[in-house]
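**Student:**
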Amino acid sequence: MEPQNPHADDGDRELPPRNGQAQLFVLRTLWIALMFSEFLYVVVSYMVASQQEQTSSAVEMGMLEPMLALIALGSLGASVLLPRKLLAQAMGSEDPEAISIDVLLSRSFGPWITRMAMTESVAVLGVAMALISKQPHKVIPFVAISTLALVTAYPSERSLRLFAQGSRK
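If you number the sequence shown the way our numbering does, the last residue is 169 and the count never jumps.
(1) Assuming contact is defined by CB atoms lying nearer than 8 Å, are Ser-146 and Thr-114 in contact in what I supplied?
(2) In this structure, how does DSSP classify Tyr-154 when only helix, strand and coil are distinguished?
(3) Measure how close the beta-carbons of Pro-111 and Leu-104 come, nearest whole angstrom, since I'm counting them as under 8 Å.
(4) Is the distance from the Cβ of Trp-31 to the Cβ of Leu-125 below 8 Å?
(5) How would you label Ser-50, buried or exposed, when you count the other beta carbons within 10 angstroms and need 16 or more for buried?
(6) Beta carbon of Ala-88, beta carbon of Arg-168: below 8 Å?
(7) Keeping to the same chain, check which residues put their C-beta closer than 6 Å to that of Lys-138; ignore five residues upstream and five downstream.
(8) Determine the extent of the alpha helix (DSSP H) in which Met-129 is found, giving its start and end residues.
(9) Can you tell me which of the three DSSP states Met-61 falls into?
(10) Rank Ala-22, Gln-21, Asn-19 and Gln-165 by C-alpha distance to the C-alpha of Glu-94 and give the top, closest one.
(11) Check this for me: beta carbons of Ala-76 and Val-143, under 8 Å apart or not?
(12) Tell me which same chain residues have a C-beta within less than 8 Å of the C-beta of Ser-37, skipping the five on either side of it?
(13) What does the Cβ neighbour count give for Ser-57, buried or exposed, with the cut at 16 atoms within 10 Å?
(14) Quick check: the Cα distance between Tyr-170 and Ala-72, rounded to an integer number of angstroms?
(15) For the candidate residues Ile-140, Met-116, Val-127 and Arg-28, whose alpha-carbon lies nearest to that of Val-80?
(16) Check for me: the alpha helix (DSSP H) holding Ala-33 runs from which residue to which?
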C-alpha cells in the first residue's frame, strides 16, 4: 500500500492554510530582497555604463525610450489591477475582515507576489534603458517609482486586509 501524501490535492477539497506567520515572513523576506535589488540596479547601471566604450555622445534611443517608459507605466498599473482581480477570485464572497490571517495569507500570497514582481519590473526596464543608452542616470526615475510602489506593497496583516477589501469592489 502506498503512503498517502497529506498535501496531495484531490481536486474537491481545499488544502488547509499554512501557518500565516511563516507566509508573512516569506513575503517580508521577498519584499526586503526586492528593495535591496533596487539599490543594486543603480549600482550595476553605473558600473556597467562606466565600463562601456564611451563614444562622443550617448546612443540614440529613438522610439525605444518612450516605449520602455510606456511599458513600465503599464506594468505599474497592472501591478495594482491584476493582483486585485486574482485576489477577488481567490476570496470569492468572503469578508476579508472576518477570516483568519492564515486563510487571508493563503489566498493572497500569490497575488501579493505578483504585485511585487510587476512593481520590480519597472526598475528592470530602467536598467535596460540605462545600459542600452549608455547613460546610467536614466535608471534613477524608474528605480524611484519602483521603490515608491514597493513601499506601498509592504506585507502586513493590515495591508493585506485592505488590499483584499479593495479587491471586492
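Don't be surprised by glycine CBs; every beta carbon is placed ideally from N, CA and C.
Every value quoted in this text rests on a predicted model; they were computed, and no experiment measured them.
**Tutor:** A quick look at the data gives this:
(1) no
(2) coil
(3) At roughly 11 Å, the Cβ-Cβ gap does not stay under 8 Å, so Pro-111 and Leu-104 are not in contact.
(4) no
(5) exposed
(6) yes
(7) Met-129 and Ala-130
(8) 101 to 133
(9) coil
(10) Gln-165
(11) Rather than Ala, the amino acid found at residue 76 in this sequence is Leu. Contact: no.
(12) Glu-120 and Ala-123
(13) Interpretation of Ser-57 is limited by its pLDDT of 49, a score under 50 that renders its predicted location unreliable; the figure taken from the coordinates is listed afterwards. With fewer than 16 Cβ atoms within 10 Å of its Cβ, Ser-57 is classed as exposed.
(14) An answer regarding residue 170 cannot be provided, because it is not within the stretch 1 to 169 covered by the chain.
(15) Met-116
(16) 20 to 51
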